[in-house]
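Enquirer:
Residue numbers (the UniProt record's numbering), protein chains in the order written: chain A, 1 to 209; chain B, 1 to 488.
1. By a C-beta neighbour count over all protein chains shown, 10 Å radius and 16 as the cutoff for buried, is residue 229 of chain B buried or exposed?
2. What does residue 57 of chain A reach in chain B if we use C-beta pairs closer than 8 Å?
3. Here's the rule I'm using: 16 or more other beta-carbon atoms within 10 Å means buried, otherwise exposed. How should residue 56 of chain A be labelled?
4. Consider the Cβ of residue 274 of chain B: report whether some Cβ of chain A lies at a distance smaller than 9 Å.
5. Which of helix, strand or coil does DSSP assign to residue 471 of chain B?
6. Can you tell me whether residue 429 of chain B is buried or exposed? The criterion is at least 16 other CB atoms within 10 Å of its CB, across all chains shown.
7. Near residue 335 of chain B, which residues of its chain fall below 6 Å by C-beta distance, leaving aside the five closest residues on each side in sequence?
8. CA-CA distance, residue 18 of chain B and residue 281 of chain B?
9. Over what stretch of residues does the alpha helix (DSSP H) that includes residue 287 of chain B continue unbroken?
10. Tell me whether residue 209 of chain A is buried or exposed, calling it buried when 16 or more other Cβ atoms sit within 10 Å of its Cβ.
11. So, is residue 212 of chain A buried or exposed, given that buried needs 16 or more other C-beta atoms within 10 angstroms?
12. Below 8 Å between beta carbons is the criterion; list the residues of the stretch 137-155 of chain A that meet it against any residue of chain B, in chain order.
13. What is the DSSP secondary structure of residue 20 of chain B, counted as helix, strand or coil?
14. With distances taken from CA atoms, which of B:424, B:271 and B:20 is nearest residue 82 of chain B?
15. Taking just the CA atoms, how far does residue 136 of chain B sit from residue 182 of chain A?
16. What did DSSP end up calling residue 208 of chain A once you bin it into helix, strand or coil?
17. How would you list, in chain order, the residues of chain B whose beta-carbon sits under 7 Å from the beta-carbon of residue 72 of chain A?
18. Would you mind telling me which residues of chain A sit closer than 9 Å to residue 190 of chain B, beta carbon to beta carbon, in chain order?
19. In three-state terms, what does DSSP make of residue 26 of chain A?
20. Under 7 Å between beta-carbons, which chain A residues line up against residue 176 of chain B? List them in chain order, please.
21. For residue 249 of chain B, which three-state DSSP category applies?
22. Within its chain, find whatever has a CB closer than 6 Å to the CB of residue 389 of chain B; leave out the 5 residues flanking it on each side and keep chain order.
23. Using DSSP bridges, identify the partner residues of residue 203 of chain A.
24. State yes or no: is the beta carbon of residue 462 of chain B nearer than 9 Å to at least one beta carbon in chain A?
25. With 16 other CB atoms within 10 Å as the buried threshold, where does residue 136 of chain A fall?
26. Please list, in chain order, all residues of the same chain as residue 66 of chain A whose beta carbon is under 7 Å from its beta carbon, the five residues on each side excluded.
27. Assign residue 266 of chain A to buried or exposed, taking buried as 16 or more other Cβ atoms, counted over all protein chains shown, within 10 Å of its Cβ.
28. Check whether the Cβ of residue 4 of chain A lies closer than 9 Å to any Cβ atom in chain B.
29. Return the bridge partner residues of residue 212 of chain A from the DSSP annotation.
30. Name the two residues that bound the continuous alpha helix (DSSP H) containing residue 141 of chain A.
31. At the level of alpha carbons, what is the spacing between residue 398 of chain B and residue 368 of chain B?
32. Decide if the stretch 310-323 of chain B is in contact with the stretch 154-169 of chain B; the criterion is three or more beta carbon pairs, one per stretch, under 8 Å apart.
33. Can you tell me whether residue 27 of chain B is buried or exposed, with buried defined as 16 or more other CB within 10 angstroms of its CB?
34. Determine the chain A residues that contact residue 228 of chain B at a beta-carbon separation under 7 Å, and present them in chain order.
35. Below 8 Å, can you find three or more Cβ-Cβ pairs linking the stretch 64-79 of chain B to the stretch 406-421 of chain B?
36. So what's residue 226 of chain B in DSSP terms, helix, strand or just coil?
Structure representation (structure tokens):
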């Protein structure tokens, strides 16, 4: 635990300057409570920083507004795929169990269903198909919710410059990090670090690409 | 009342089971801060396996081995090794299927339904309960799979076009089961895994060994706690919860349709779907308590899974237990009120005929014994809780036994009546399925985050920014307006 328990009040050396051959990813500032990181993020946003992110061990409520995060399109994707699942269910059951649907000649015979009378139920017994249609709707929606979320988050991702920082390991435990990327047009290694220190950062660290 | 500001850490026992509506009871005790919660959970995955864990694991793994050995014996010999007969063609496999799939319901109920209802206390036990769901559904899925007679042709149940133009029968409740249980199993697995990714990242960042770093690194998908990620994550999580809530209700309703769509007396009841769902939640909560009560002590989680959590689970169990009791009574009332002779006979036979021992066991175990939990001090002590929970675990198995066996053994024609006698294979397969369940569960307890670390942190007072009560930062009052999120 020696790395994790390193003193956090003093800033780390920022040796890798912008002029070196290593590319700079950005600067991270460390905070130990929710209030400070929200205030610092808000201040950074007001100061014109946009390419920045807050890394925290749990979702912080109020950070989306401070960072200017727009609502995700995920619910619409889930709705779309849920409707697709429902359509799939309706087509699958009626196509295979009833014969009123016109079958194009191009469909191979083994894709076609058959008429088979069970307990006197009608061929198009829609009520009996509802469980299958319902489950397919849920299945398509739930898979979309998970896989689309990971894809929109660009996960899985097995390398990220932030993982170069040993301090950053506490981002999944008890610390909050405001990361400002070097891609931001207001970014300047010295000024940004000074700005973050002004806003109660416990430490700042320059992260290489 | 414990106040959890860093300056006033309280280490003595705090009673957080009070129901005073003017004071919100703390959900995490022991003066734990964020790191304290992380340490308490992660240390279980980091330290060496305890001897007792190893012994339990060996016993469970032998049980699982026995289970798979008996499945091999069944495949090699044929279904005659079971006590299934005509008319009781369903026998133990379907009893065990309904039993296990019922246990699998509390996990998703705790995770999804309580999440939608903003019951914050769920965060300490949901991971646990979801794991229980997954492992119970695995056990549940095996039984109908090996019950189809020719298990190597079980893929006929899936809607796959094949050379015989054979489609499954979409009007059959047994096929609805295939869709319901497979959807439930896979969606529960996704729900469990998705919720676990941030906690796996925590374990990755703390891991010291090369193997654990790589394993947790791959499993956590490169999660770095980005707020943009959390934003989508939370949205996905609430969508999943909203999708799982009707799903969990639909699954056991569909299982009940296996019975209710039949014409057999004793099965043909419209109360079956809600009755089965209540029974599933009842059995599931009993299993949650059975596992949570010892684990919170053995794994040092008393401050996270507090007495309040156990107390709440007991109350939920009492509530759904009353619904089950009502359903048992209602079944008898409807049988009498229907004026249907076969229906009346089957219920009289259930209480006084050959399955009477099973029936009265279920009444005593499900309806009578758990009532001890009305007494408040009993909800604080492990022994009465375990007695009640074990009574329900056993009672719920008897409930399924009575439903399956009593109706099938006494149908319309006395000429086709027969009694059911389980063989040793039946009994040891059931025992072996517990081995499989516990093996999986012990592996989970050893290697994965057994409490949703990230979610527990969100229900701690420090996770919320309260500018007006923030003593440490009172000199920056001018910045407080930023925290309300309406700055732009």
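Positions of the beta carbon are idealized from the N, C-alpha and C atoms, including for glycine.
Just so you know, these numbers come straight off a predicted model, no measurement behind them.
Expert: In this structure, then:
1. buried
2. 34, 38, 198, 202, 225, 453, 454 and 457
3. buried
4. no
5. With a pLDDT of 45 at residue 471 of chain B, under the threshold of 50, the modelled position of this residue cannot be trusted; read the value that follows with caution. Three-state DSSP puts residue 471 of chain B in a helix.
6. buried
7. 343, 344 and 347
8. 25 Å
9. 272-298
10. exposed
11. Beyond the ends of chain A as shown, which are 1 and 209, falls residue 212 of chain A; an answer cannot be given.
12. 138, 139, 141, 142, 143, 145, 146, 148, 149, 150, 152, 153 and 155
13. coil
14. B:424
15. 49 Å
16. strand
17. 231, 232 and 235
18. 142, 143, 145, 146 and 147
19. strand
20. 131 and 132
21. helix
22. 286, 289 and 290
23. A:30
24. yes
25. buried
26. 38, 41, 42 and 45
27. Past the edges of chain A, shown from 1 to 209, lies residue 266 of chain A, and the structure says nothing about it.
28. Reliability of the predicted coordinates at residue 4 of chain A is poor, the pLDDT of 43 falling under 50, and the value obtained from them is presented with this limitation in mind. Closer than 9 Å to some Cβ of chain B, the Cβ of residue 4 of chain A qualifies, so yes.
29. No answer is possible for residue 212 of chain A: the residues shown for chain A start at 1 and end at 209.
30. 126-152
31. 14 Å
32. no
33. buried
34. 53 and 69
35. no
36. strand
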